[in-house]
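Chemist: Before I ask anything, let me first share the structure, which is written out below as structure tokens.
Residue numbers (the UniProt record's numbering), protein chains in the order written: chain A, 1 to 362; chain B, 1 to 362.
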């Protein structure tokens, strides 16, 4: 028997989740030597992903995402795990797999799940063998080579429709999605402007990732920053806004977009943890008509998104990361005891790079 | 010599334009017997269109529409006119033409304009012979068979993508665009919900136009009204919101749309005459991601809009109006002396139906 710790949703948060109150760590006994269930697996958790959409799943059911997290159960997200024992012919002990897993150190995978192939980006409960032919850091498969990277890749092309010489503005530009979008856009010959929440991140996107310009939204108002930067770049306006945050930055982007501009609506992390009455009302929506803007929200599991780009994304990104053409920064939280703090820190923008939880290295 | 009165923009309005201050009526002498300029025309104005986009053109130049109205000149819009004399082989005295004309009782058309074919919806300065084979009310060619009708037709199909059994909500539902959109949607087998600003209009869209439901936005809050109506119709949410007004109704529609819903952004007349600080900040933009909504602004002159649907629109609408399958309500203001009041009344929603100015009947 071992102690098996889990991160559990105890209450629906109001505002940012509070570790120890909304999110608590529980412990129970787990028998590592038990037989797997018929057709199932016993697995050990190595890495779990922290993603902003998890905040949405902590709400009381709204129907917006397929399921909210049930109360008093471990929360879940994409994970990399090692098979300890298997009663399923698809997998054997020692295999490294990805699936949507509990935030628990050990867990059981049922026959139904073990027999289902994981969909691109991890949109179902299925399981996939980790395919890592170039020997990359496995944590990348929770980020640039996982859901957030596929999110970036598919939506930039499907919705953003980038063209050489255009100007793109990306919020949360050093985050899991933003850093991939920005480097892809540079490869396509766009001018890239990023917003971040610290001077350290600003230096990083400009000096390490080669973005053309950026600003720290905590120090400069987004509308003023965009005006300043567009002037410095000699550009009239934005062609694409890749929106990870919503709120004031979305408003500023609506003001700075040129005619026929596109907004890729990926997230609104600046608003989703706001309490009622604290949210930012968007003032610039009337500009959508005169500028003929298109705003499109998506989820990577949508029919024309992740699945359509999955092979291309894996083939290109694995190669470009191996070659050093695309750099990926990760923010690793160590251990289940720190998981709640890591998750809330990511929601507050305190992470620097793609946020992951390490339970045990491979 | 006759007196030739014109409606002139004297100042850029703040809020709603003020007749007698922002918009004034001027008069000058006009020689009806003068020779037309070489290659040009002398014309008499019969009807002029009032459209919400004209408010945008009364601003100081913003770059959003191709041109703002110059100060101290007559404003312009689509018109129906009679040729008094012609030096151009395309036209002869007595011809009835459409062009983008001054709000003046009489005017001169230059050779350059007389030689240019008017583009669909009236997007250029060209001139077209009115083609009215079914002998319909000529004022219709400023509305249902003109720019606002083509706006409705092209955007409903190109952006709204209506499918039988879906639910559409249309604001300003008895207006120039809304009444056409709603009746087209009924023909396509959709359930149609309309919002209007008076009980008389509400009765009209339900009893005369056959809309399934509606509400008076001055008496019922839009979010509560949509919830009530969706419940009564046994529907979970909207599939399309056809937005003519922006503001609170846009916010309510964002809340009531189902996944993969579309917003056709045609106008925001509730906001464009608001003074700074009075506009409504949109709270529900974060729902765009989770619901995977698409919001698209357009102008009828855009490449994939009016021109693409022009023939189809003329052929179908002329026939359906002649047959009585589609009913068109018009609000006629009589005489240039009343033009400013008519235009401002339309901006305030005081008109009932497509607003036009009559100078002289054909």
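Each residue gets a CB set at the ideal place from its N, CA and C atoms; glycine is no exception.
Keep in mind it's a predicted model, so treat the numbers as computed, not measured.
1. Mapping the DSSP letters down to three states, classify residue 191 of chain B as helix, strand or coil.
2. Out of curiosity, what's the CA-to-CA distance linking residue 65 of chain B and residue 179 of chain B?
3. Tell me which residues share the same chain as residue 123 of chain A and place their Cβ nearer than 6 Å to its Cβ, disregarding the 5 neighbours each side in the sequence.
4. Give me the subset of the region 271–298 of chain B whose CB atoms are less than 8 Å from a CB atom of chain A, sorted by chain position.
5. Between residue 265 of chain A and chain B, is there a C-beta pair that is closer than 8 Å?
6. Does residue 250 of chain B come within less than 8 Å of chain A when only Cβ atoms are used?
7. Across which residues does DSSP place residue 183 of chain B in a beta bridge pair?
8. Does DSSP put residue 364 of chain B in a helix, a strand or coil?
9. Comparing the C-beta of residue 246 of chain B with each C-beta of chain A, is any distance below 8 Å?
10. Secondary structure at residue 21 of chain A, three-state DSSP: helix, strand or coil?
11. So, residue 81 of chain B versus residue 99 of chain B, is the Cβ gap smaller than 8 Å?
12. In the DSSP assignment, the alpha helix (DSSP H) including residue 199 of chain B goes from what residue to what residue?
13. Let me check understanding here. Comparing Cα to Cα, which of A/258, A/113, A/194 and A/289 lies closest to residue 244 of chain A?
14. Provide the residue(s) that pair with residue 249 of chain B in DSSP beta bridges, ordered along the chain.
15. So residue 78 of chain A is in the alpha helix (DSSP H); what residue range does that whole segment cover?
16. Which residues in chain A sit within 7 Å of residue 302 of chain B, going by Cβ to Cβ distance?
17. State buried or exposed for residue 319 of chain B, treating a residue as buried only when at least 16 other CB atoms are found within 10 Å of its CB.
18. Would residue 44 of chain A and residue 339 of chain A be called neighbours here (beta carbons separated by less than 8 Å)?
19. Name, please, each residue of chain B whose Cβ falls closer than 8 Å to the Cβ of residue 56 of chain A.
20. Nearest by alpha-carbon distance to residue 237 of chain A: which of A/259, A/219, A/220 and A/325 is it?
21. Going by DSSP, which residues form a beta bridge with residue 350 of chain A?
22. Are the C-beta of residue 268 of chain B and some C-beta of chain A separated by less than 8 Å?
23. Give every residue of the same chain whose Cβ lies closer than 8 Å to the Cβ of residue 93 of chain B, excluding the five residues on either side of it in the sequence, and list them in chain order.
24. Could you check whether the region 198–215 of chain B touches the region 122–142 of chain B, counting it as contact only if at least three pairs of C-beta atoms, one from each stretch, sit closer than 8 Å?
25. Where residue 358 of chain B and residue 95 of chain B are concerned, what is the direct C-alpha to C-alpha distance, given to the nearest angstrom?
26. Between which two residues does the beta strand (DSSP E) carrying residue 216 of chain A extend?
27. For residue 243 of chain B, name the three-state secondary structure that DSSP assigns.
28. Can you list, in chain order, the residues of its chain with a C-beta nearer than 6 Å to that of residue 322 of chain A? Leave out the 5 residues immediately preceding and following it.
29. When the Cα atoms are used, what is the spatial distance from residue 69 of chain A to residue 7 of chain A?
30. Unbroken beta strand (DSSP E) runs of length 3 or more, entirely within the region 267–345 of chain A: which are they?
31. For the alpha helix (DSSP H) holding residue 151 of chain B, just list the boundary residues, first then last.
32. Cα separation between residue 2 of chain A and residue 171 of chain A?
33. Report buried or exposed for residue 27 of chain B, applying the criterion of at least 16 other Cβ atoms within 10 angstroms of its Cβ.
34. Could you give the distance in angstroms between the alpha-carbon of residue 156 of chain A and the alpha-carbon of residue 327 of chain B?
Modeler: This is what the structure gives:
1. The sequence position of residue 191 of chain B within the second chain is 191, counting from 1. Reduced to three states, the DSSP call for residue 191 of chain B is strand.
2. Against the second chain, residue 65 of chain B aligns to sequence position 65. Against the second chain, residue 179 of chain B aligns to sequence position 179. Since pLDDT at residue 65 of chain B reaches only 48, below the 50 mark, its modelled position is unreliable, and the value read off the structure follows with that caveat. Roughly 25 Å separates the two Cα atoms.
3. Residue mapping note: residue 123 of chain A aligns to position 123 of the first chain, counting from 1. Closer than 6 Å at Cβ, skipping near neighbours: 301.
4. Result list: 271, 272, 279, 280, 281, 282, 283, 285, 286, 287, 288, 289, 290, 291, 292, 293, 294, 295, 296, 297 and 298.
5. Position 265 of the first chain, counted from the start, is the residue given in the question as residue 265 of chain A. Taking Cβ atoms only, chain B reaches closer than 8 Å to residue 265 of chain A, which makes this a yes.
6. As a position in the second chain, residue 250 of chain B is number 250, starting the count at 1. At least one chain A Cβ lies under 8 Å of residue 250 of chain B.
7. Counting from one through the second chain, the residue named residue 183 of chain B turns up at place 183. For residue 183 of chain B, which the question treats as bridged, DSSP gives no partner whatsoever.
8. Examination of residue 364 of chain B is not possible in this model, given that chain B is present from 1 through 362 alone.
9. Here residue 246 of chain B refers to the residue found at position 246 of the second chain. Yes, because at least one Cβ of chain A sits closer than 8 Å to the Cβ of residue 246 of chain B.
10. The residue given as residue 21 of chain A occupies position 21 in the first chain. DSSP places residue 21 of chain A in coil when its eight states are reduced to three.
11. If you number the second chain from 1, residue 81 of chain B lands on position 81. If you number the second chain from 1, residue 99 of chain B lands on position 99. Yes, they are a contact pair.
12. Residue mapping note: residue 199 of chain B aligns to position 199 of the second chain, counting from 1. Note, residue 199 of chain B: alpha helix (DSSP H), 199–203.
13. In the first chain, counting from the first residue as 1, residue 244 of chain A sits at position 244. Checked all of A/258, A/113, A/194 and A/289; the closest Cα to residue 244 of chain A is A/194.
14. Residue mapping note: residue 249 of chain B aligns to position 249 of the second chain, counting from 1. Residue 249 of chain B is not bridged to any residue.
15. In the first chain, the residue the question calls residue 78 of chain A occupies position 78. Segment 76–86 is the beta strand (DSSP E) holding residue 78 of chain A; no alpha helix (DSSP H) there.
16. Locating residue 302 of chain B in the second chain gives position 302, where the first residue counts as 1. Near residue 302 of chain B (Cβ distances below 7 Å), the residues of chain A are 292.
17. The sequence position of residue 319 of chain B within the second chain is 319, counting from 1. Residue 319 of chain B should be labelled exposed.
18. Here residue 44 of chain A is taken as the residue at index 44 of the first chain, counted from 1. Here residue 339 of chain A is taken as the residue at index 339 of the first chain, counted from 1. Not closer than 8 Å, so no.
19. To locate residue 56 of chain A, count along the first chain from 1; it is residue 56. Those within 8 Å of residue 56 of chain A in chain B are 290.
20. Walking along the first chain from the start, residue 237 of chain A turns up at place 237. Cα-wise, what sits closest to residue 237 of chain A is A/259.
21. As a first step, residue 350 of chain A is located in the first chain; it is residue number 350 there, counting from the start. According to DSSP, which records beta bridges pairwise, residue 350 of chain A is partnered with nothing at all.
22. Position 268 of the second chain, counting from 1, holds the residue named residue 268 of chain B. At least one chain A Cβ lies under 8 Å of residue 268 of chain B.
23. As a working mapping, residue 93 of chain B is identified with position 93 in the second chain. Within the same chain, residue 93 of chain B has close Cβ partners 83, 84, 85 and 86.
24. no
25. Position 358 of the second chain, counted from the start, is the residue given in the question as residue 358 of chain B. Position 95 of the second chain, counted from the start, is the residue given in the question as residue 95 of chain B. The straight-line gap from Cα to Cα measures roughly 18 Å.
26. Numbered from 1 along the first chain, position 216 holds the residue referred to as residue 216 of chain A. Element bounds for residue 216 of chain A: 213–216.
27. Against the second chain, residue 243 of chain B aligns to sequence position 243. Residue state, collapsed to three classes: strand.
28. On the first chain, residue 322 of chain A is found 322 positions in, with the first residue counted as 1. Closer than 6 Å at Cβ, skipping near neighbours: 134.
29. Walking along the first chain from the start, residue 69 of chain A turns up at place 69. Walking along the first chain from the start, residue 7 of chain A turns up at place 7. Using only the alpha carbons, I get a separation of about 12 Å.
30. 294–297 and 330–334
31. The residue given as residue 151 of chain B occupies position 151 in the second chain. 147–155 is the span of the alpha helix (DSSP H), which, as asked, contains residue 151 of chain B.
32. Locating residue 2 of chain A in the first chain gives position 2, where the first residue counts as 1. Locating residue 171 of chain A in the first chain gives position 171, where the first residue counts as 1. Cα-Cα distance, rounded: 43 Å.
33. Taking the second chain and counting its residues from 1, one reaches residue 27 of chain B at position 27. Here residue 27 of chain B is exposed. Its C-beta has fewer than 16 other C-beta atoms within 10 Å.
34. Looking up residue 156 of chain A in the first chain gives position 156. Looking up residue 327 of chain B in the second chain gives position 327. C-alpha separation (whole angstroms): 44 Å.
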